[in-house]
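Beneath this line is the structure, given in structure tokens, with notes to follow.
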Amino acid sequence: MKHFGLLLFFFFSCFLFSSQATAKPNLKVCLIFDKAGHDDHGFNESAYKGFQKAMSSYLISSDSRIFEANADEQVDQALNGFARSKCELVISVGVNISEHVKTKVANYPKLKFLLIDDVGAGENVRSVSFREDEGSFLMGAIAAMKTKTRVIGIVGGMNIPLLQKMINGYKAGAHYVDPRVTVLTSFVGVTVAGWNDPSKAKQISLNLFSQGADVIFQAAGGSGLGVFDAVEEASTNKDPIKRYAIGCDSNQNSIKPGLVLTSMIKNITQVVLSSVDDMVEKNFKPGHIVYDVKNNGIDWALDSHNRSLFSISEIKKISKIKQNIISGVLVVSPVH
Amino acid sequence: MTILRPILATILSLVLGLLATSLFHESPLHIFKIFLQSGFGSAYDFGMTLTYSVPLILTGLSVSLAFKAGLFNIGAEGQLTMGALAVAVFAALVPLPSLIAPLAGALVAACAGGIWGALVGFLKARRGAHEVIMTIMMNFIAAGISSYVAVYLLKDPNTQNPQTLPILPAFSLTQYSLFNGAPVTFALFLSLLIAVVCWLYLYRTPYGFELRAVGENEHASSTAGIGVQKVQILAMFFSGALAGLVGVGEVMGRVGCFKLDFSPGYGFTGIAVAFLGRCHPLAIIFSGLLFGAIQKGASDLEIFTQNVTSDLALVLQALIILVVSADGLWEKWIPVKKGKA
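Now the structure itself:
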């Protein structure tokens, strides 16, 4: 009986090598997105990039799927379908989806779950959340450093607690650098459609410009593209004040090079990839992981598109603030 | 003949839609199999199909009742939002014994939706405001009010989602265990019952007759002594109430609170459901079921195929509407008997 396992392994590997020339990956991973879809140029897209990378580097099977859910019952349906189609890891992207998925994880003990932006419980669940307040603090500090008018703005998708957390961080960061800075706040919509309405976001940004704001942080998901458009319009119309936008969720510096001051990066691509890696190595552990500035989950984007916007002393100053957050000298609290 | 047309139209458009998938290197037969499997394959699948169908049947009824009175109600979306919001607020705040709680909740939902519809009916009847424009605008107002309530007034502090406080346990409907976890509740039978009541009302009562008369010819009805204004207001009230009842299944049956934007456009799909059912209350049950099955099947396509996404549901719906409404074509193929037209 001792050698039975060895024998089985032998048979199995014979079967493997006879049937396929190269071993195909058979880990099936499934992602669930909210209705903004997988190509929202922001949060969802960075998760999707992780999925694509895993796919192209042959970590996961080509049967892996993404699913865009319009309503909660579709999420239920997707989970049911994934379980039936031998999916092993389900990744729920964003708080809208994760909040619902976490109530269902107990029904699928054989599946592993990665919840992004919400915290669930269970032996098969890994939860991931981000310290957006720390990131927003950095963005506020950078905005306050670069503003000439001492007025900066933030455009949110809609008024939810997450946005309040970001606004508070943004304000705190701005006032940390310069207490005289005024922070203007505006929301695109009162419904979930506010996350996907670039033309309205553009109008709002132009409105904030007219109130004197020269740096606008977009925290509006898909609507954020409108903020970039507004900045571009100001620039082509030879606006005497130089206006900048700040990107969110993924590195958006390249969307309008030279006009995007920086972006608050949530490193979701890495989060997805590392969980896939853990699955491949059979090392997937449940628990709650908080990504912050310290462990590189949150960062500010500095690349070839925006380097010319900063002087060396400014970059040093920003790095100092970042360092202070990491070392704990500077404590960003989510509530003020 | 009137029955034949929608059925043939459905079959024709299903065939067309499925053939279209072969352009994306999928076998139409395989897709059809997935559709059948995911719509009716197991108790759970069938339960989900029913769950999708219930709101569609109700909004379909809502649209067709107004249509019978000569009114085009595009506001079912707003009316169902108000109905769902009202029942969610009521069920979260008013403690009632569990015997009468669901009934009271249903009444509240129907009244809220009804009032939202009757407002339009009133403006139409008294001021001549066009109901299409009015209902569209009321949809936005409903969205605004519901988001104000869900975000500021009655926000559930335990979640990031904009949603109201959970309803009290007395209000929640039991989900039948027969369906392996699909949230099928009494709302299903309620919608079937309501469809029958609608049919009785329209075709077996003098009020229904008046309503249809106004729909056929306003001026003739007025001459015949029917209070056209009263009928229009009442029709919009009932139409709104039917849409408002969506809140019963969605809030008390499935979700347990009001979630902002919970409806994936039930009110608008309801228009398609109504027209496929030719605005006949009993036929709407079947067209609602068909649309529910399409919605269920299409989202499973995303899981079980490589290239076809759930947007196929929209393609199929569009094809069905196109084929059903291609009147000239039908006259040529299946001429209506002379003297009956």
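Line by line, the protein sequences give chains A and B. Heads up: the first sequence begins at 1 in my numbering, then just goes up one per residue. Heads up: the second sequence begins at 337 in my numbering, then just goes up one per residue. Ideal Cβ placement from N, Cα and C applies to all residues, glycine included.
Phe476/B counts as exposed, since fewer than 16 other C-beta atoms from the protein chains shown sit within 10 angstroms of its C-beta.
In the DSSP assignment, His288/A is bridged to Ser127/A.
Per DSSP, reduced to three states, the secondary structure at Met264/A is strand. Per DSSP, Lys256/A lies in no alpha helix (DSSP H) segment and is marked neither H nor E.
For the C-beta of Asn80/A, the chain B residues within less than 7 Å are, from N- to C-terminus, Tyr380. Bounds of the beta strand (DSSP E) holding Ala245/A are Tyr244 to Asp249. Contiguous alpha helix (DSSP H) elements confined to the segment 526 to 612 of chain B occur at 542 to 552, 554 to 559, 564 to 580 and 602 to 612, taking only those with 4 or more residues. Taking the Cα positions, Gly464/B is about 10 Å away from Gln565/B. Around Pro600/B, the beta-carbon contacts reaching into chain A at under 7 Å are Asn70 and Ala71. Within the segment 496 to 508 of chain B, those residues whose Cβ lies closer than 8 Å to any Cβ of chain A are, in chain order, Gln496, Asn497 and Pro498. The DSSP-derived three-state label of Lys165/A is helix. At a cut-off of 7 Å, the C-beta of Leu111/A has no neighbouring C-beta in chain B. Between Glu123/A and Met166/A, the CB-CB gap reaches or exceeds 7 Å.
Excluding five sequence positions before and after Ala531/B, the CB atoms of its chain that fall closer than 7 Å to its own CB belong to Ile393, Leu397, Pro617, Leu618, Ile620 and Ile621, given in chain order. A direct Cα-to-Cα measurement between Gln631/B and Ala437/B gives close to 31 Å.
Taken in chain order, the whole beta strand (DSSP E) runs of length 3 or more contained in the segment 72 to 156 of chain A are 89 to 92, 112 to 116, 125 to 130 and 151 to 156. In this structure, the straight-line span from the alpha carbon of Pro161/A to that of Leu330/A is close to 23 Å.
Contact annotation: the segment 67 to 86 of chain A touches the segment 637 to 655 of chain B, with at least three C-beta pairs closer than 8 Å. Taking 7 Å as the threshold, the shortest C-beta distance from Ile639/B to chain A falls below it.
Residue-level contact by beta carbon fails for Val567/B and chain A, as no gap is shorter than 7 Å. In the DSSP assignment, Arg65/A falls within the beta strand (DSSP E) that extends over Arg65 to Glu68. Taking C-beta separations shorter than 8 Å and ignoring five residues to either side along the sequence, the partners of Asn253/A in its chain run Gly247, Val260, Thr262, Ser263, Ala301, Asp303, His305 and Asn306, following chain order. The DSSP-derived three-state label of Val181/A is coil. Scanning the segment 485 to 517 of chain B for uninterrupted beta strand (DSSP E) segments of 3 residues or longer gives nothing; none is fully contained. At least one C-beta of chain A is nearer than 7 Å to the C-beta of Met384/B. Between the segment 103 to 114 of chain A and the segment 653 to 666 of chain B there are fewer than three C-beta pairs closer than 8 Å, too few to call the two in contact. The Cβ-Cβ distance between Asp239/A and Phe43/A does not fall below 7 Å.
Your pair Asn409/B and Gly453/B checks out as a contact, with CB atoms roughly 7 Å apart and the cut at 8 Å. Residues are counted here when their Cβ sits less than 8 Å from a Cβ of chain A; for the segment 397 to 414 of chain B the count is zero. Close CB contacts of Val468/B within its chain, under the 7 Å cut and outside five residues either way in sequence, are with Phe408 and Ile410 (chain order). Going by beta carbons, Ser61/A and Ile268/A fall outside the 7 Å limit. With its beta carbon at least 7 Å from every one in chain A, Ser527/B lies outside the interface. In the DSSP assignment, Phe622/B falls within the unbroken alpha helix (DSSP H) covering Pro617 to Phe640. In the same chain as Val550/B, and ignoring 5 residues on each side of it, the C-beta atoms closer than 7 Å to its own belong to Ala405, Gly406, Ser557, Ile562, Val564, Val567 and Gln568, in chain order.
Ala579/B is outside the set of residues whose beta carbon lies under 7 Å from a beta carbon in chain A. Annotation: Gln642/B to Leu352/B spans about 20 Å, alpha carbon to alpha carbon.
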